Structures are given as C-alpha cells and as structure tokens.
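From first to last, the protein sequence lines are chains A and B.
Quick note on the numbering used here: the first sequence kicks off at 1 and runs consecutively.
Quick note on the numbering used here: the second sequence kicks off at 1 and runs consecutively.
First up is the structure itself, then whatever we jot down about it.
There are 2 protein chains.
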Amino acid sequence: MSSSSLPSSQKQVHLLKRPGRAPLSTEILNVVTAPLPDVSNLASGHVFLKTHFLSLDPSMRPSMDPSKKSYRPPAPLNETFWAGGVGTVIKSNHPEYKEGELVLSSAFGAQEYADMDVAATQRNGFFYKIDPAKGIEPREYLGGLWGTGLAAYLGMKEIAKVKKGDRVLVSGAAGATGGLAIQIARQLGASYIVGVAGGPGKAKYVVEELGADECIDYREANFEKQIASLSDRPEGGMDVYFDNVGGQTLDAALLAMNPNGRIACCGAISGYGGSYEGLKNSFVIVARRLTLQGYIAIGTFWPQDVYQAAIAQLATWLAEKKIATRFHFYEKVGVENFLDALKALFEGKNWGKMLLQVDPEWKGEGSKSAAK
Amino acid sequence: MSSSSLPSSQKQVHLLKRPGRAPLSTEILNVVTAPLPDVSNLASGHVFLKTHFLSLDPSMRPSMDPSKKSYRPPAPLNETFWAGGVGTVIKSNHPEYKEGELVLSSAFGAQEYADMDVAATQRNGFFYKIDPAKGIEPREYLGGLWGTGLAAYLGMKEIAKVKKGDRVLVSGAAGATGGLAIQIARQLGASYIVGVAGGPGKAKYVVEELGADECIDYREANFEKQIASLSDRPEGGMDVYFDNVGGQTLDAALLAMNPNGRIACCGAISGYGGSYEGLKNSFVIVARRLTLQGYIAIGTFWPQDVYQAAIAQLATWLAEKKIATRFHFYEKVGVENFLDALKALFEGKNWGKMLLQVDPEWKGEGSKSAAK
Chain A
1 MSSSSLPSSQ KQVHLLKRPG RAPLSTEILN VVTAPLPDVS NLASGHVFLK THFLSLDPSM
61 RPSMDPSKKS YRPPAPLNET FWAGGVGTVI KSNHPEYKEG ELVLSSAFGA QEYADMDVAA
121 TQRNGFFYKI DPAKGIEPRE YLGGLWGTGL AAYLGMKEIA KVKKGDRVLV SGAAGATGGL
181 AIQIARQLGA SYIVGVAGGP GKAKYVVEEL GADECIDYRE ANFEKQIASL SDRPEGGMDV
241 YFDNVGGQTL DAALLAMNPN GRIACCGAIS GYGGSYEGLK NSFVIVARRL TLQGYIAIGT
301 FWPQDVYQAA IAQLATWLAE KKIATRFHFY EKVGVENFLD ALKALFEGKN WGKMLLQVDP
361 EWKGEGSKSA AK
Chain B
1 MSSSSLPSSQ KQVHLLKRPG RAPLSTEILN VVTAPLPDVS NLASGHVFLK THFLSLDPSM
61 RPSMDPSKKS YRPPAPLNET FWAGGVGTVI KSNHPEYKEG ELVLSSAFGA QEYADMDVAA
121 TQRNGFFYKI DPAKGIEPRE YLGGLWGTGL AAYLGMKEIA KVKKGDRVLV SGAAGATGGL
181 AIQIARQLGA SYIVGVAGGP GKAKYVVEEL GADECIDYRE ANFEKQIASL SDRPEGGMDV
241 YFDNVGGQTL DAALLAMNPN GRIACCGAIS GYGGSYEGLK NSFVIVARRL TLQGYIAIGT
301 FWPQDVYQAA IAQLATWLAE KKIATRFHFY EKVGVENFLD ALKALFEGKN WGKMLLQVDP
361 EWKGEGSKSA AK
C-alpha cells in the first residue's frame, strides 16, 4: 500500500472512563473515528505504520485504573488505548526504516494506523524491524519474542536457574507462557516436567504437544493433594516451580518442593479461584530452604546484557522450531472488535496467546485471511 | 574438679514419649538417675565433660516428634534429650584437649556430665575449645556464636544481602536472634532500622538498647497497618525484612517492601498468633519483584567457607563488644529444671536467649552463682 491510497480517517479505541470494579463496556472502551494525520508532513524521525495485528495482554485490565500495586501509571483517558503489534511502514521520515518493511512495536495502540516517533518508542518500549530472513513467524514477535516468551525464559533461566536434571513443575501449563516455560525448561535440561492445567483436553495437550512428562488437571477435586504429593515420589519432589497462577496452586506447590527449591513467581498471583484464603504452607519456605522470587519481564527491570541474551536465545530456538507459542487469533477481524476480544481474554475463552487481527488484508500464519 | 571427686551417678533428662499435640509434662520428659560411666577407661578420642550450662532452643519441641516438615529425624526415645552447652574437660583421652579446658559442644545433652566422642561430634555438630584470651563471654558461645548469632548473621549478610544505606525491618526484634539481627544490620551499613516487638517496654528496649530507629508494637490493634504503611514514607519503604515470626506480620511486611526487596525467612513461620489465615498479600511478590528466601543456620546447609567466615566475623564483633546477645538464665539451677525451663521458653516467659545453668558452681556472666 502506498500513502496515496490511504483513507482520510481511521478507527481508534479510546479509554473513556476508569472502570474500577465495573465490567468492561463501551462506556469504558469505545471506538472513535479520527482523521488520519497528514502523512505528507511526517515529522523527522517518525514513521507512519499500518497495523496488521495487535497483542491482547492481561495487564491491559489493571492498567486502566491507578493502583498502588502496579508498576506503572494508568493508561491516559480520552486517548487511543495502548497495544503492541506488528505492522508495515507506509511512509518513513527516519533513515533506518523504509516503506514496506515489517516492524514490531509496543506502541501501535488500538488503531488502524500509527504515527510513531521511533526514538521515543525505543526509549520507553520496543520498536524494531522484523527480518523475514530469520525464519521466525511474524506473530512470534508478539509471542516467543514478546512478554510471553521473555516471562517464560527469564523465569526459567534467570530466576529459577533451571539446570540439567532438574525436576520442574509449571502451572498455567496450557497457556502461552506456561507452554513456552515447559519447552524452555526442556531445552535447559530439565529431566522431568509436570504441568498443571484445566481439563483433560488441556492436560493431554500439555503432555502430547508440549512434551511434559505428566499433567495434573486442576479441575479434579483432589488436585492440590496431587500436587503436594509430588514430593513423596521415590525419585524426589520438584526442584523448580514456575508459578503462573499463585493462590492455592502455589500453596500446594510449596509442599511439592525439594529442599533448596526455587520458585519463579510470574504474573498476577491470584489463583484459579475457589475458596482460597491465603498461603497456609509458608512454613516450608524455612524448613526446605526455598526461594520464591517475583519478577516482571520488562526490559527496564533487567540488566541489558541479560535481557538481550534472552531475546537472542529465544530467537534462535524459535527459528530452529525448538519452541513455539500457541496463538489464538480472535474470531473477528478489525480494531472495532478490540473490546470484545479483551472481554474474551478476561473470560479465559482463549487457549494460547490472544491476538486481534486489525488489517483484513494481513495473510500471516494464523490470520483469519490466511485461513480463508 | 579432678576425676577422683566425681559422684557415682548423675541426673539426665530422658525423652520418654512422643508428645504429639499434648502439652509437655514429666510423662514426656523426665529426670532419670544413671550411673556415671567409668572414666578410668575412657575410649580413645573421647573426653569426659562437666556441663556448666545448656542452651534451650525452640527447635527442641518439634524435634520430639517425627515430621515431614522437619529437616532432621526426631530425637530418640529413652535416651538423654539433646542439648548444646558449655562445659569443662574433666578427663581426656584425646591429644588436643586437656583437663580444665572450657569447651562448647552441640552434644552435651540434658545431663550433668557427658562422655563425648570428639570426632563424631564434630562430624554432626559442634565441638571446640573456648579460648578465654579472645575476650568473648563463655555464654556468647551459645548466643552470638551459636544458632542465634549465625541465624542473624547469615540472614542479614548472605540471604538478605544487607548493604550500606538499606532500610531494614526486623520482627521478633526484642528476642535474641532479632536483637542480634538489628545490631548486625547496623554493622553492615543499614541506614534505617525498624523493629517489631510486643509491648512498650520491649519497643523501648529495641530503640534505646539495640539502636533501632523505631519500633512497632505488635500488641497495638493497628500494628499490621503500621507495618504496611512503612512503604508510604517519603524516604521509601523497606529494602530488607528479617522475618522471625511469619504469619500476619510477614503478610503486612510484604506491603512495606520497596521494589526488589529481599526477605530472609528465619525460624518457624507461625505468626504471633491471632486470627491469621494465611498470606493474603503474596501478589506483591510479583508486582514489587520481591525475593523471599528460607534458610536454616546449620553448618551442613552452607558452604564451609561462608559458614566459617560468619563465625569469624561474629567472634570479632563480639570481642570488640560491637554486638551482644541478650540472655535469660532460667531462675533455677540444675538439670532437673530442664522441663520447667523448656515450658517457660515455649510460654515466651524469657526475654533473650534462654539458658539453663546446670552446674551450681559455674560463675560466668549472667549465672545464678555470679549474681549471688
């Protein structure tokens, strides 16, 4: 597409109101039609992008409200809501980027086109070119090379320090992050991997597709006992627990640990729901000399060499097809479906990393256009 | 005392029954009169010791029952119950130990005299000479140089990695371990130290005697709020929490932490009692990227160079009077008071590290004989 064929306006999704505890609705997030900026007059260092698809992230919900618990300020009101994505350069006033190049950025926003200051974006997030010669699927830039992959890699490698022969437990095992965590643990030499997932279908997937040695179904009534009793095995309990869910699963997992066990605490510690009242088994933290470490897979929280090494290792494994993210493209195409896709994410209707295809012409792996 | 003036029998305290949940009584721990071994025929490598005083440790209670939670097997039945202590060599068949030398050992047992295999004791615990020239009070060998001091030092230095300028929170602050932890944090360069202790008298002691900058009284109704709101201070929250008590204090302390805060989990995580139902604030482990690490101050769990460096540093500070343990000699003298002293310990009647003077002739610092 050349800039001459651009429409005069575009759809954007704006945050209109802070939701507090209210369910998401069009009063909170709604579509606004806005004129397209004048691309004939693009500022120096800027590029103008067409959005192909966006990442839908669990952290979007808490980002709508100010919170003492959060590690960043809330999303601004009456502006395009934030979203990372993949798109193509339509017009460039930056020497390093040319028309037609595919890029990843954390700053697309929930809109069809984006005018982006490259240097400013790189200071506060991601902006980089996708090189098709690397053999990595474009959507993996929002999966294995995005927060999903980094959370799995940094948790397993830098926090839990998985090494050859370790026995590793992973909750949220059928999800995008947990699924990558299992594959990464195997690459790092884990000898035995136990997943925790919901329902026999997902448990089967965790073993047969992801390569875990077994999977505990958290919908079974005695799942906490199944987890805790892992430490009764003759071959020993678990050396590492990758905690994706917190709550009573974490509580049971404490009892599954071997002495000197390491627990990587990733994502919101909320539990799978149910009658959870708080961690009751924390006494084993002392008795078994456990380490629990919370972390967030955002570059500014990590030494740059560690973070870049993580991205490089993930890129290698992705190109070699040694690891792969499970994706879920929302069933409808178009940015006007952003709210519904987000609601589906929070209702847990996705199985895999949730993406929204914005551009009906995009034909990459998994896209609705490719499936036609 | 020479071996010629030895009595023909001695009092020992035997473990007769596993208590389970029953309160301690003479059915469980009782005094037995046993003949003294034939010291004229001491085995090679053995020494025969007179017990001056013993350490009473919280871990004695759980050690009476087998437990999956415990890191060691239960104390054997119908034998002298274990206890560490300080005593004098009465007779020696070991080339490195001479009559009249003062020694520390983890293997005195609750008895008046002990026949000890030096090498075996050193393999499984402590046995070493106390050199009076070092200028360290003999009782400090069961305080600052015992589990108490090692727990405080290893927690602050190796687990929480206290460094210059850190803001440090310590629970159980008026106790022996917490008190040493405060003094050690100051030696390591902590800039601001907050204690948590029970009652205005102890809170005053924590500030005036131990040198904490302030102390929160956990008997005040809103103490959890006082702890949690430490993170609202303009100068920031806490970088380190030395957790002596677990429970709702740990839960509140999670909210007091700065990002990247380190929590050293020491001792049984049981809480001060009350309506505690489990850790509810564990979400901040992720949001603030906290590390919680449990540890046990027993030599076999540590690299020998780290452990020996800890002992050397503690000995230096003790000799220079830069740190000191608070001791509580049980009010009666004699091993027959072992059960009552232990009950007093579990009822929290002591303020400081609890010792039992066994030998009425011992005249060291704090002893009942010295006080006369």
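Backbone N, C-alpha and C define an ideal beta-carbon position, used for all residues, glycine too.
From a predicted model like this one, the values you see are computed outputs, not experimental measurements.
Residue i (DSSP reduced to helix, strand or coil)
i, result
"residue 209(B)", "coil"
"residue 35(A)", "strand"
"residue 233(A)", "coil"
"residue 141(A)", "helix"
"residue 367(A)", "coil"
"residue 153(B)", "helix"
"residue 7(B)", "coil"
"residue 147(A)", "helix"
"residue 170(B)", "strand"
"residue 65(B)", "coil"
"residue 329(B)", "strand"
"residue 92(B)", "strand"
"residue 262(A)", "strand"
"residue 41(B)", "helix"
"residue 197(B)", "strand"
"residue 177(B)", "helix"
"residue 182(B)", "helix"
"residue 243(A)", "strand"
"residue 344(A)", "helix"
"residue 275(A)", "Its pLDDT being 44, under 50, residue 275(A) is placed unreliably by the model, and the measurement read from it follows with that caveat. Of the three classes helix, strand and coil, the one that applies to residue 275(A) here is coil, per DSSP."
"residue 110(B)", "coil"
"residue 290(B)", "coil"
"residue 336(A)", "helix"
"residue 85(B)", "strand"
Buried or exposed by the 16-neighbour rule on C-beta atoms within 10 Å, applied to residue i
i, result
"residue 105(A)", "buried"
"residue 275(A)", "Reliability fails at residue 275(A), whose pLDDT of 44 lies under 50, so the model's placement of it is uncertain and no value is given."
"residue 305(A)", "exposed"
"residue 231(B)", "buried"
"residue 44(B)", "exposed"
"residue 350(B)", "buried"
"residue 361(B)", "exposed"
"residue 163(A)", "exposed"
"residue 262(A)", "buried"
"residue 76(A)", "exposed"
"residue 348(A)", "exposed"
"residue 9(A)", "exposed"
"residue 65(A)", "exposed"
"residue 67(B)", "exposed"
"residue 27(B)", "exposed"
"residue 308(A)", "exposed"
"residue 208(B)", "exposed"
"residue 139(A)", "buried"
"residue 22(B)", "exposed"
"residue 147(A)", "buried"
Whole-number beta carbon distance between residue j and residue i, since they are thought to touch under 8 Å
i, j, result
"residue 170(A)", "residue 178(A)", "5 Å"
"residue 52(B)", "residue 84(B)", "Not really, about 12 Å apart at Cβ, beyond 8 Å."
"residue 240(B)", "residue 216(B)", "About 16 Å separates the two Cβ atoms, so there is no contact after all."
"residue 24(B)", "residue 343(B)", "6 Å"
"residue 366(A)", "residue 329(A)", "5 Å"
"residue 128(A)", "residue 103(A)", "7 Å"
"residue 293(B)", "residue 291(A)", "5 Å"
"residue 145(A)", "residue 311(A)", "6 Å"
Pair within 7 Å by beta-carbon distance, residue i and residue j
i, j, result
"residue 113(A)", "residue 50(A)", "yes"
"residue 266(A)", "residue 185(A)", "no"
"residue 219(B)", "residue 259(B)", "no"
"residue 314(B)", "residue 149(B)", "yes"
"residue 172(B)", "residue 325(B)", "no"
"residue 338(B)", "residue 110(B)", "yes"
"residue 98(B)", "residue 48(B)", "no"
"residue 254(B)", "residue 284(B)", "yes"
"residue 327(B)", "residue 355(B)", "yes"
"residue 225(A)", "residue 251(A)", "no"
"residue 29(A)", "residue 341(A)", "no"
Heavy atom of the ligand ZN within 6 Å of residue i beta-carbon
i, result
"residue 251(B)", "Summarising the ligand content, the structure contains no ligands, and the ligand ZN is consequently not present."
> Do the region 317-327 of chain B and the region 132-139 of chain B meet, that is, are 3 or more Cβ pairs less than 8 Å apart?
Replying inline: At 8 Å Cβ cutoff, the stretches touch.
>> Using a Cβ distance threshold of 8 Å, determine whether the region 33-44 of chain A contacts the region 110-126 of chain A, with at least three qualifying pairs required.
In response: The answer is yes - the region 110-126 of chain A touches the region 33-44 of chain A, with three or more Cβ pairs under 8 Å.
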